[in-house]
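Participant: One structure, as structure tokens, below. Some questions next.
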Amino acid sequence: MGSVLQKNGLKLGGEPEFLNIEKPDIIRDIHKQYIESGCDFLTTNTFGANDIKLKNKKYGVDEIIREGIKLAKEARGNNKALIALDIGPTGQLLEPMGTLTFDEAYNAFKKVVLVGVNNGVDVVLIETMTDLYEAKAAILAVKENSDLPVFCTMSFEQNERTFTGCNPESMVMTLEALGVDVIGVNCSLGPKELKGVIERILKVATVPVMIQPNAGLPKIVNGKTIYNIDIEEFCECVVDFVHKGVSIIGGCCGTTPEYIGKLKKLVSEKKVKRLNNKKICGICTPSKVINVDGVRVIGERINPTGKKLFKEALKKGDMDYILGKAIEQVEVGAHILDVNVGIPDINEEETMVKVVKEIQSILDIPLQIDSSNYGAIEKGLRYYNGKAIVNSINGEEEVLHTLLPIVKKYGASVVGLTLDKNGIPKKAEERYKIAEKIVNVAKEYGIEKEDIFIDALVLTASTQQEEVKETLKAVSMIKNKLGVKTVLGVSNISFGLPDRPLINKTFLTLALGAGLDLPIINPNEKSMMDAINAFNVLYNYDKDSFNFIKSYSNTQKETIKSKDSKDNKENLDIKSIVIRGLKEKAGKATKELLKEVDELTIVNEYLIPALDEVGERFEKGILFLPQLITSAETAKKAFLVIKESLMNKKEQNISKGKIILATVKGDIHDIGKNIVKVILENYGYEIIDLGKDVPINKVVEETKKQNVKLVGLSALMTTTLKSMEETIKALKNENLDCKVFVGGAVLTKDYGEKIGADFFAKDARESVDIAKKVLG
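Residue numbers (full-length UniProt numbering): 1 to 776.
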């Protein structure tokens, strides 16, 4: 749509959706061209029509969408093509990376969906999403307010991740779990560059897959946007995707009706290759998938039971204490973290949401939402980013029929306890019957075996010694007869006995042999982790003993250290606090350090090295955008204390230099620029943010006025690359003593050089390296 609108006179920075009202004949005609080319779906001209993008604009979202649907229907006429309501991203980053809340995004999408429902669209197409969390908000808005089929596509970069770090497998797992009918990829790259992403999706997807690539990568020639893949090459690549199993094909940027017409002719006689993938048994965050195809450790430490300090932290809202417990478990090998915040005198629903969000802002580990409060479970699932586990349900009718619909709605896996209104049966056979009931009822709600984990329940050996063997027997029966994965809270076995670690380790080893998949343990206990690591070798899970050799080859070095001593999370230095993203500790730790060293020493020897280390991990793909931003925000709190200290002393500012940032004229996107701003500010640079859609003369005037040595320009639209080039020329023509760096999804290093930029920043981290070169 955008490419054809440009040819029809869409002005730089213009709102394509406004043409539904201002020039309806053009939109109707474009739709007709695509109908004539053979399209089975018409996508409404509503991609940017939401209250967040179009706030305070001259037309209301309702009117734009209503007219957009009307025009598509008029163009369709008697054709059988379906009308797809097009929903694009809000244009803002959701928390924790940005300031837009999940609920604000949801409400914006809900409004679009309701207009679409009232005006008779056939399907909803959610597209060009780069944030899995935003995609979830949009999907829930559709599912909760309509019965329409949902298609959802995300945009991936050349590293086979989205802008915010989501990988293809996490996308598939999460979107399928939320009930999306068709998943896939659109925009961002050409079909050649998307081959790896599509192949990864096709390996794991169980619903139809779609792809709408760009016509290659864009470049500007004589003021016009040209794409580097012609019709023949484009069609050849896309038809190859059909052979591999893609069900719905089309085009995004640059794919005019001629592209689609040729594509239609080539595939008109081809049959869809049905995917035959087995559903993945696992959970995920946007950047990490945990497949339960071996022993996976669930860390039990985020739980107030028997933990006085943890209870106090919950009452005080001390998130850093709780996050410390999360970090230490991950560092010693936990694959999943159980999260339970149930104590009296707090709002458990609000606390659950806060803890889930905070953990996900610093760690990419999947979570198990653990509560007896149905509201807390639902809230935790709603605001979780990815696919989680619910702990737990049981064999009681009321529990099953209350919780299973919630589990299904949010696409979670679930732990089923082998107890009912009569309590925990003594015999393994009776526990098996309850497990069988749970599996059967879950199936009625559309929850497959791959998403059910059964807990045969551990009773204490000190009081119910005879039942220990029954638990092990039940684990074996459930695993072998029902074909589901198993869970046990191992440490319950030793309650009331001396030398609990010995009992725990021995029981764990027996349970693993009986078929335990998901032990809930304290991963800080070295003997427990040692037993699991050895078991993985002996049962052929650790192929070629790779992980075991890596961990234990140097016997003089203790590879798994206990984190329970006070040398860890209670007395972290400021560098460790920034790396871990513990925002609440940053200010206090900086004040303490100022008693020993001066302000600039803290900046240069603690904060900058910490940010550098985080940046290096980001470059290597160890950390992703949420963690990068959280660490930057943590450093910001330290900087505020330092600046206050300098002001009190009436000393010089610690700014390392001024940098102007601007999104160029005609471009209304500023997500990338805002991220760069956060990172650079926390390296000590003073940022003059001119905003978005910035006129060329304003950039030049501010550069002169502020005597700025470095200017950063951002563009996310191919149509505004010309504006970027003209801005650079204007700066150069003034002979200003400044360097220019550029960035944005549509830019490449070669193109940056071609338009006269001094530097190209592929991401926020690289902007720091550029600033150091220019300003020191």
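By construction, the Cβ of each residue, glycine as well, lies at the ideal position given by its N, Cα and C atoms.
Out of Ile-83, Ala-638, Gly-9 and Thr-46, state which residue places its alpha-carbon closest to the alpha-carbon of Lys-32.
Facilitator: The sequence position of residue 32 within the sequence shown is 32, counting from 1. When only C-alpha atoms are compared, the closest one is Ile-83.
Participant: Hey, Met-129 and Pro-626: beta-carbon distance below 8 angstroms or not?
Facilitator: Here residue 129 is taken as the residue at index 129 of the sequence shown, counted from 1. Here residue 626 is taken as the residue at index 626 of the sequence shown, counted from 1. Cβ distance not < 8 angstroms, so Met-129 and Pro-626 don't count as in contact.
Participant: Give a yes or no on contact between the region 656 to 668 and the region 398 to 414, applying the rule of three or more CB pairs nearer than 8 angstroms.
Facilitator: Contact between the region 656 to 668 and the region 398 to 414 is absent, because fewer than three Cβ pairs lie under 8 angstroms.
Participant: In chain order, which beta strand (DSSP E) runs of at least 3 residues are fully inside the region 394 to 440?
Facilitator: Listed in chain order, they are 413 to 417.
Participant: Taking the alpha carbon of Ile-69 as the reference point, which residue from Asn-20, Asp-763, Gly-196 and Ile-336 has its own alpha carbon closest?
Facilitator: Residue numbering aside, residue 69 sits at position 69 when the sequence shown is read from its first letter. The shortest C-alpha separation from Ile-69 is found at Asn-20.
Participant: Which residues in the same chain as Cys-252 place their Cβ atom closer than 7 angstroms to its Cβ, once the five residues preceding and following it in sequence are excluded?
Facilitator: On the sequence shown, residue 252 is found 252 positions in, with the first residue counted as 1. Excluding positions up to five away in sequence, the list reads Asn-186, Cys-187, Gln-212, Pro-213 and Asn-214.
Participant: Do Cys-281 and Glu-74 come within 8 angstroms of each other at the CB atom, strictly closer than that value?
Facilitator: As a position in the sequence shown, residue 74 is number 74, starting the count at 1. As a position in the sequence shown, residue 281 is number 281, starting the count at 1. Their beta carbons are not under 8 angstroms apart, which means Glu-74 does not touch Cys-281 by this criterion.
Participant: By the DSSP assignment, the alpha helix (DSSP H) with Phe-151 in it spans what residues?
Facilitator: One-based indexing of the sequence shown puts residue 151 at position 151. Element bounds for Phe-151: not the alpha helix (DSSP H) but the beta strand (DSSP E), 150 to 154.
Participant: Assign Cys-237 to one of three DSSP states: helix, strand, or coil.
Facilitator: On the sequence shown, residue 237 is found 237 positions in, with the first residue counted as 1. If DSSP states are grouped into helix, strand and coil, Cys-237 belongs with the helices.
Participant: At 4 residues or longer, and completely inside the region 155 to 236: list those alpha helix (DSSP H) runs for me, N to C.
Facilitator: Here the runs fully enclosed are 168 to 177 and 195 to 204.
Participant: Quick one: grab the DSSP three-state call for Pro-519.
Facilitator: By 1-based counting over the sequence shown, the position of residue 519 is 519. Three-state result, Pro-519: strand.
Participant: Spatial neighbours of Ile-336 within its chain, please: C-beta separation below 8 angstroms, excluding the five flanking residues on both sides.
Facilitator: Locating residue 336 in the sequence shown gives position 336, where the first residue counts as 1. For Ile-336, where only same-chain residues beyond five positions count, the Cβ hits under 8 angstroms are Ile-283, Ile-290, Arg-296, Val-297, Ile-298, Gly-299, Ile-365, Pro-366, Leu-367, Gln-368, Ile-389 and Leu-518.
Participant: Report yes or no: do the region 734 to 754 and the region 685 to 697 share at least 3 C-beta pairs separated by less than 8 angstroms?
Facilitator: Flag = no, the region 734 to 754 and the region 685 to 697 do not touch.
Participant: Tell me whether Thr-663, by its Cβ, gets closer than 7 angstroms to a heavy atom of the ligand SAH.
Facilitator: Of the ligands one can find in the structure shown there are none, so the ligand SAH has no counterpart to examine.
Participant: So, using beta-carbon positions, are Pro-218 and Ile-231 closer together than 8 angstroms?
Facilitator: Taking the sequence shown and counting its residues from 1, the one referred to as residue 218 is at position 218. Taking the sequence shown and counting its residues from 1, the one referred to as residue 231 is at position 231. No, the pair does not count as a contact, with Cβ atoms beyond the cut-off.
Participant: For Asn-391, list the residues DSSP reports as bridge partners.
Facilitator: One-based indexing of the sequence shown puts residue 391 at position 391. For Asn-391, which the question treats as bridged, DSSP gives the partners Asp-370 and Val-415.
Participant: Is the beta carbon of Thr-486 less than 8 angstroms from the beta carbon of Gly-515?
Facilitator: Position 486 of the sequence shown, counted from the first residue, corresponds to residue 486. Position 515 of the sequence shown, counted from the first residue, corresponds to residue 515. Result yes, Cβ atoms of Thr-486 and Gly-515 sit closer than 8 angstroms.
Participant: Could you pull out every unbroken alpha helix (DSSP H) segment of at least 4 residues lying fully inside the region 698 to 755, listed in chain order?
Facilitator: Fully enclosed alpha helix (DSSP H) runs of 4 or longer: 721 to 733 and 749 to 754.
Participant: Roughly how far, in whole angstroms, is the beta-carbon of Asp-370 from the beta-carbon of Asn-391, given that I think they are within contact range, below 8 angstroms?
Facilitator: Within the sequence shown, numbered from 1, the residue matching residue 370 stands at position 370. Within the sequence shown, numbered from 1, the residue matching residue 391 stands at position 391. The pair is a contact, with the Cβ atoms about 4 angstroms apart (cut-off 8 angstroms).
Participant: Span of the alpha helix (DSSP H) holding Asp-103?
Facilitator: Numbered from 1 along the sequence shown, position 103 holds the residue referred to as residue 103. Its alpha helix (DSSP H) spans residues 102 to 118.
Participant: How is Leu-94 classed by DSSP in three states: helix, strand or coil?
Facilitator: Position 94 of the sequence shown, counted from the start, is the residue given in the question as residue 94. In the structure shown, Leu-94 sits in a strand (DSSP, three-state: E or B).
Participant: Out of curiosity, what's the CA-to-CA distance linking Lys-762 and Lys-224?
Facilitator: To locate residue 762, count along the sequence shown from 1; it is residue 762. To locate residue 224, count along the sequence shown from 1; it is residue 224. C-alpha separation (whole angstroms): 23 angstroms.
Participant: Exposed or buried, which one is Ser-562 when buried takes at least 16 other CB atoms within 10 Å?
Facilitator: Working through the sequence shown from its first residue, we reach residue 562 at position 562. Confidence at Ser-562 is low in this model, with a pLDDT of 37, below 50, so its placement is unreliable and the value that follows should be read with caution. Per the 10 Å Cβ criterion, exposed.
Participant: Report yes or no: do the region 262 to 275 and the region 345 to 365 share at least 3 C-beta pairs separated by less than 8 angstroms?
Facilitator: The answer is no - the region 345 to 365 does not touch the region 262 to 275, with fewer than three Cβ pairs under 8 angstroms.
Participant: Measuring alpha carbon to alpha carbon, tell me which of Phe-156, Asp-240 and Ala-412 ends up nearest Ala-177.
Facilitator: Within the sequence shown, residue 177 is the residue found at index 177, counting from 1. Out of Phe-156, Asp-240 and Ala-412, Ala-412 has the C-alpha closest to the C-alpha of Ala-177.
Participant: Please state if the CB of Asn-536 and the CB of Cys-542 are separated by a distance shorter than 8 angstroms.
Facilitator: Position 542 of the sequence shown, counted from the first residue, corresponds to residue 542. Position 536 of the sequence shown, counted from the first residue, corresponds to residue 536. Before going on, a small fix: residue 542 reads as Asp here, not Cys. Yes, Cβ-Cβ distance for Asp-542 and Asn-536 is below 8 angstroms.
Participant: How many angstroms separate the CA atom of Gln-556 from the CA atom of Pro-523?
Facilitator: One-based indexing of the sequence shown puts residue 556 at position 556. One-based indexing of the sequence shown puts residue 523 at position 523. Low confidence applies here, because Gln-556 scores a pLDDT of 42, under 50, leaving its location unreliable; read the following figure in that light. Roughly 21 angstroms between the two C-alpha positions.
Participant: Put Met-529 into one of helix, strand or coil per three-state DSSP.
Facilitator: Translated into positions along the sequence shown, residue 529 becomes position 529. The answer is helix: DSSP assigns Met-529 an H, G or I state.
Participant: Hey, how far is the Cα of Ser-361 from the Cα of Ile-322?
Facilitator: On the sequence shown, position 361 is the one that residue 361 refers to. On the sequence shown, position 322 is the one that residue 322 refers to. For Ser-361 and Ile-322, the distance between alpha carbons rounds to 13 angstroms.
Participant: For a test of the three-state rule: what should DSSP assign to Thr-255, helix, strand or coil?
Facilitator: Sequence index remark: in the sequence shown, residue 255 carries index 255 (1-based). Of the three classes helix, strand and coil, the one that applies to Thr-255 here is coil, per DSSP.
Participant: Kindly identify the DSSP beta-bridge partner or partners of Leu-488.
Facilitator: Position 488 of the sequence shown, counting from 1, holds the residue named residue 488. The partner list for Leu-488 (beta bridge, DSSP) reads Pro-519.
Participant: Let me make sure I understand the geometry here. Which of Asp-670, Gly-684 and Ala-730 has the alpha-carbon closest to that of Ser-714?
Facilitator: Residue mapping note: residue 714 aligns to position 714 of the sequence shown, counting from 1. Minimum Cα distance to Ser-714 is reached at Asp-670.
Participant: What's the C-alpha gap between Leu-508 and Leu-497?
Facilitator: Locating residue 508 in the sequence shown gives position 508, counting from the first residue. Locating residue 497 in the sequence shown gives position 497, counting from the first residue. C-alpha separation (whole angstroms): 16 angstroms.
Participant: So for Met-129, helix, strand or coil by DSSP?
Facilitator: Taking the first residue of the sequence shown as position 1, residue 129 is located at position 129. Looking at Met-129 - three-state DSSP - the assignment turns out to be strand.
Participant: What is the DSSP secondary structure of Ser-3, reduced to helix, strand or coil?
Facilitator: Translated into the one-based positions of the sequence shown, residue 3 becomes position 3. If DSSP states are grouped into helix, strand and coil, Ser-3 belongs with the helices.
Participant: Determine the DSSP secondary structure at Leu-512, reduced to helix, strand or coil.
Facilitator: Numbered from 1 along the sequence shown, position 512 holds the residue referred to as residue 512. Correct three-state label for Leu-512: helix.
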